[in-house]
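See below for the structure under consideration.
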Amino acid sequence: MTEFKDYAKKYSNIRMEREDGILEITFHTDGGSLVWGGGPHAQFGPAFYDIGRDKENKIVIMTGTGDSFIEEISPETLSERLPKSKITPTVWDHIYSDAKRLIMNLLDIEVPVIAAVNGPVNIHAELAVLSDIVLASDTAAFQDAPHFPNGLVPGDGVHVIWPYLLGRNRGRYFLLTGERLSAQEALRLGVVAEVLPKEKLLPRARELAKQILRQPPITIRYARVVMTQELKTLMLEHLSHGLALQGVAANEYWPG
Amino acid sequence: MTKFEEYAKKYSRVRMERDDNGILEVTLHTNGGTMVFGPEAHEQLPPAFLDISQDPDNKIVILTGTGDSFIEEVETATLKGTPGKGSRLPNWTKMDPHTWDRTFTNAKTMLVNLLNIEAPVIAAVNGPVNIHADLAVLSDIVIAAEHASFQDAPHFPNGLVFGDGCHIVWPHLLGANRGKYFLLTGQKLSAKQALDLGVVNEVLPKEQVLPRARELAQQLLQQPPLTVRYARILMTQDMRRMMTENLSHGLALTGLAANAYWPNS
Numbered sequence: 234m235t236e237f238k239d240y241a242k243k244y245s246n247i248r249m250e251r252e253d254g255i256l257e258i259t260f261h262t263d264g265g266s267l268v269w270g271g272g273p274h275a276q277f278g279p280a281f282y283d284i285g286r287d288k289e290n291k292i293v294i295m296t297g298t299g300d301s302f303i304e305e306i307s308p309e310t311l312s313e314r315l316p317k318s319k320i321t322p323t324v325w326d327h328i329y330s331d332a333k334r335l336i337m338n339l340l341d342i343e344v345p346v347i348a349a350v351n352g353p354v355n356i357h358a359e360l361a362v363l364s365d366i367v368l369a370s371d372t373a374a375f376q377d378a379p380h381f382p383n384g385l386v387p388g389d390g391v392h393v394i395w396p397y398l399l400g401r402n403r404g405r406y407f408l409l410t411g412e413r414l415s416a417q418e419a420l421r422l423g424v425v426a427e428v429l430p431k432e433k434l435l436p437r438a439r440e441l442a443k444q445i446l447r448q449p450p451i452t453i454r455y456a457r458v459v460m461t462q463e464l465k466t467l468m469l470e471h472l473s474h475g476l477a478l479q480g481v482a483a484n485e486y487w488p489g
Numbered sequence: 675m676t677k678f679e680e681y682a683k684k685y686s687r688v689r690m691e692r693d694d695n696g697i698l699e700v701t702l703h704t705n706g707g708t709m710v711f712g713p714e715a716h717e718q719l720p721p722a723f724l725d726i727s728q729d730p731d732n733k734i735v736i737l738t739g740t741g742d743s744f745i746e747e748v749e750t751a752t753l754k755g756t757p758g759k760g761s762r763l764p765n766w767t768k769m770d771p772h773t774w775d776r777t778f779t780n781a782k783t784m785l786v787n788l789l790n791i792e793a794p795v796i797a798a799v800n801g802p803v804n805i806h807a808d809l810a811v812l813s814d815i816v817i818a819a820e821h822a823s824f825q826d827a828p829h830f831p832n833g834l835v836f837g838d839g840c841h842i843v844w845p846h847l848l849g850a851n852r853g854k855y856f857l858l859t860g861q862k863l864s865a866k867q868a869l870d871l872g873v874v875n876e877v878l879p880k881e882q883v884l885p886r887a888r889e890l891a892q893q894l895l896q897q898p899p900l901t902v903r904y905a906r907i908l909m910t911q912d913m914r915r916m917m918t919e920n921l922s923h924g925l926a927l928t929g930l931a932a933n934a935y936w937p938n939s
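If you read the protein sequences in the order shown, they are chains A and B. Using the numbering used here, you'd call the opening residue of the first sequence number 234 and step up by one each time. Using the numbering used here, you'd call the opening residue of the second sequence number 675 and step up by one each time.
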């Protein structure tokens with residue numbers, strides 16, 4: 234079994250703190266808002282795996298840093314994994330592996346996950362909205378910017394999660410048009426459960442975590458297993474296919 | 675990414691050797707002899723398969739046992755149970771949900787981690803297997819010794835529900851009705867029968883099993899690396915989906931029934 238000290242400080246883009254079994258994971262880049270890039274892309278899958286394997290984690294709160302959850306991409310760090318010029322199948326193979334692990338390992342965490350979305354997220358917003366409970370700051374917004382609006386196939390799991398959450402047609406519209414949903418709209422559409430002033434977000438997440446933890450441990454864990462079952466099946470069916478087509482299309486066209 | 679030297683010697687029940695071509699031989703054993711199944715094997719196999727799956731330098735995997743049988747006995751020193759027909763869990767007077775939870779976790783990850791290995795797996799079944807025969811027959815190519823046989827002894831014939839993946843693997847491989855009969859009656863399939871039923875691809879004299887597995891491994895490796903890996907991913911897709919759909923459910927019912935009846939109590 235994995236112990237907290239083995240992985241708590243292992244990932245430079247994820248701060249982990251645990252108290253009474255409540256694990257808070259905070260995405261960041263050098264202490265500020267997370268800038269998406271090669272580091273996070275490679276780190277998140279293994280980090281979620283470590284979290285899932287440690288039975289001392291009783292519940293997970295996922296949040297970002299500063300005023301946004303994830304809103305920026307660093308082309309420089311991304312190009313460690315993705316050269317700017319041309320995508321070859323061998324290069325894509327890294328993305329394919331990372332991207333599969335990212336989603337599957339997150340869903341394989343067998344304790345409830347609460348997202349505290351501290352601000353706008355337009356890159357990998359699915360990480361937040363895949364959570365069992367999604368709380369959002371009133372400044373938050375949700376968008377899928379890096380794929381279709383950027384010339385790429387939305388095949389890394391966003392094609393599964395957004396039609397699943399928003400309904401088929403709303404989800405496809407969201408992906409194809411680059412629609413940006415405000416926190417209030419996301420609340421109305423059922424993607425977000427509560428919208429709060431930013432400073433009340435984490436306290437509310439912690440309050441909910443404690444409320445959930447009043448139930449017996451196995452009940453909590455198995456509740457999560459049951460709640461993620463359908464999505465895991467959907468991801469298994471569609472994730473590899475989506476990434477394969479995204480990869481083929483990326484061989485033909487790559488932005489920048 | 676995991677490196678070979680980090681996990682090659684990590685598991686006392688799993689010997690790992692890899693050649694320069696990336697052919698990894700995984701040999702199940704207990705103190706160098708035939709693997710006697712027990713808590714250590716049950717705890718070690720899931721992370722061992724995970725380590726293998728995370729190392730892209732493993733291009734192909736050969737899975738085999740030691741001596742005259744693949745897995746045919748359970749540990750009787752630490753476990754109560756009749757060899758070949760016993761339980762693999764200690765002699766608790768009664769199963770309880772907390773104890774079951776540990777089994778649940780190991781059992782859920784064992785086959786899934788095995789299937790997540792993104793390199794073709796060739797089983798060299800060196801002899802009879804009646805405990806976790808699923809490990810062998812889930813492989814992409816199954817070669818068996820002439821004296822090998824296949825059975826699911828620890829579950830239904832032993833009073834337990836076969837919900838740890840056996841309920842998925844056997845009806846899938848044998849056909850729905852043959853599979854259910856196999857599980858419910860404790861049927862023992864000879865290597866020849868398994869060949870006729872399509873579970874096994876080749877039956878050979880024991881001393882030729884491993885050389886043939888190596889020959890096939892080299893043959894597969896003549897194709898480009900991504901082709902080999904992606905072929906494996908496609909070939910396991912169906913089974914991985916079925917495991918995701920049915921494994922947790924099967925283990926839940928196995929656990930419930932085990933709380934009501936446990937072989938040693």
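All C-beta atoms in this analysis are idealised placements derived from N, C-alpha and C, irrespective of residue type, glycine included.
Straight-line Cα distance separating A:I445 from A:R401: A direct Cα-to-Cα measurement between A:R401 and A:I445 gives close to 31 angstroms.
Cβ-Cβ distance between B:E746 and B:N804 below 9 angstroms: Between B:E746 and B:N804, the C-beta gap is smaller than 9 angstroms, which places the two residues in contact.
Give the interface partners of B:D775 over in chain A, defined as CB-CB distance under 7 angstroms, in chain order. Residues of chain A passing the Cβ test: I451.
Considering only the alpha carbon of each residue, which of B:I734, B:T704, B:P721 lies closest to B:K684? The candidate whose alpha carbon is nearest that of B:K684 is B:P721.
Does the beta carbon of A:R457 sit closer than 9 angstroms to a beta carbon anywhere in chain B? Closer than 9 angstroms: no.
In the DSSP assignment, find the unbroken beta strand (DSSP E) run with A:S370 in it and report its ends. For A:S370, the uninterrupted beta strand (DSSP E) run begins and ends at 366-370, by DSSP.
B:A887 versus B:P730: straight-line alpha-carbon distance, rounded: Roughly 20 angstroms separates the two Cα atoms.
Run through chain A and tell me which residues come within less than 7 angstroms of B:S686, C-beta to C-beta. Here the premise fails: no neighbours, minimum Cβ distance about 17 angstroms.
Give a yes or no on contact between the region 900-920 of chain B and the region 423-434 of chain A, applying the rule of three or more CB pairs nearer than 8 angstroms. The region 900-920 of chain B, when compared against the region 423-434 of chain A, does not touch it at the 8 angstroms Cβ threshold.
For A:V428, three-class secondary structure by DSSP: If DSSP states are grouped into helix, strand and coil, A:V428 belongs with the strands.
Within 9 angstroms of any Cβ in chain B, is that where the Cβ of A:L267 sits? So no, A:L267 is outside the interface.
Less than 7 angstroms between C-beta atoms, sequence neighbours within five positions excluded: which residues of the same chain meet that for B:V816? Contacts found: A797, V799, A810, V873, V874, N875.
Can you list the residues of chain A that B:E919 reaches, using a CB-CB cut of under 7 angstroms? Residues of chain A with a Cβ closer than 7 angstroms to the Cβ of B:E919 are, in chain order, T466.
Going by Cα to Cα distance, which pick from B:N920, B:A865, B:R687 is closest to B:H716? From the listed residues B:N920, B:A865, B:R687, the smallest Cα separation to B:H716 is found for B:R687.
Rounded to a whole number of angstroms, what is the C-alpha to C-alpha distance between A:D389 and B:M909? Between the C-alpha atoms of A:D389 and B:M909 there is a straight-line separation of about 21 angstroms.
Under the three-state DSSP convention, the category A:L363 falls into: The answer is coil: DSSP assigns A:L363 none of H, G, I, E or B.
What's the call for A:K443, buried or exposed, on a 16-neighbour Cβ count within 10 Å? So A:K443 ends up on the exposed side.
DSSP state of A:F281 mapped onto helix, strand, coil: Annotated three-state conformation of A:F281 is helix, per DSSP.
Does B:H772 get closer than 9 angstroms to chain A when you measure Cβ to Cβ? The beta carbon of B:H772 falls within 9 angstroms of a beta carbon belonging to chain A, placing the residue at that interface.
For chain B, is any of its Cβ atoms less than 9 angstroms away from the one on A:P382? Chain B contact via Cβ: absent.
What does A:P322 reach in chain B if we use C-beta pairs closer than 7 angstroms? Near A:P322 (Cβ distances below 7 angstroms), the residues of chain B are L900.
In three-state DSSP terms, what is B:T752? Note that B:T752 scores 44 on pLDDT, short of 50, meaning its location in the model is unreliable and no value can be drawn from it.
Given 8 angstroms, three or more beta-carbon pairs between the region 327-343 of chain A and the region 368-377 of chain A: These segments do not touch.
Use the C-beta contact count for A:S245: other C-beta atoms within 10 angstroms, 16 or more gives buried, fewer gives exposed. By the neighbour-count definition (other C-beta atoms within 10 Å, threshold 16), A:S245 is an exposed residue.
When the Cα of A:I292 is compared with those of A:A419, A:R421, A:A348, which residue comes out closest? The shortest C-alpha to C-alpha distance from A:I292 to any of A:A419, A:R421, A:A348 is the one to A:A348.
When A:A369, A:A358, A:Y397 are compared against A:V425, the one with the closest alpha-carbon: The option with the nearest alpha carbon to A:V425 is A:A369.
Compare the C-alpha of B:M690 against each of B:N705, B:L737, B:G707, B:M709 and name the closest. Closest option to B:M690, Cα to Cα, is B:L737.
Per DSSP, A:T229 forms a beta bridge with which residues? A query on residue 229 of chain A cannot be resolved here, the shown segment of chain A reaching from 234 to 489 and no further.
Can you tell me the Cβ-Cβ gap for A:V354 and A:I303, rounded? I've got them flagged as a contact below 8 angstroms. 5 angstroms between Cβ atoms; contact.
Would the region 914-930 of chain B count as touching the region 778-785 of chain B if we require 3 or more Cβ pairs under 8 angstroms? With the rule of 3 Cβ pairs closer than 8 angstroms, the region 914-930 of chain B counts as touching the region 778-785 of chain B.
Assumed close pair A:R454, A:V346 - CB separation to whole angstroms, cut-off 8 angstroms: At roughly 12 angstroms, the Cβ-Cβ gap does not stay under 8 angstroms, so A:R454 and A:V346 are not in contact.
Is it the case that the Cβ atoms of A:D365 and A:R457 are separated by a distance below 9 angstroms? In this structure, A:R457 lies closer than 9 angstroms to A:D365 by Cβ.
Mapping DSSP to helix, strand and coil, what is B:T704? Shown here, B:T704 sits in a strand according to DSSP, grouped into three states.
Bridge partners of B:T740, per DSSP? In DSSP, B:T740 forms a bridge with B:S743.
Exposed or buried, what is A:N484 when buried is set at 16 or more other beta-carbons lying within 10 Å of its beta-carbon? Result: exposed.
Chain B residues whose Cβ lies nearer than 7 angstroms to that of A:D326: Neighbours of A:D326 in chain B, taken as residues at a C-beta separation under 7 angstroms, are given in chain order as L900.
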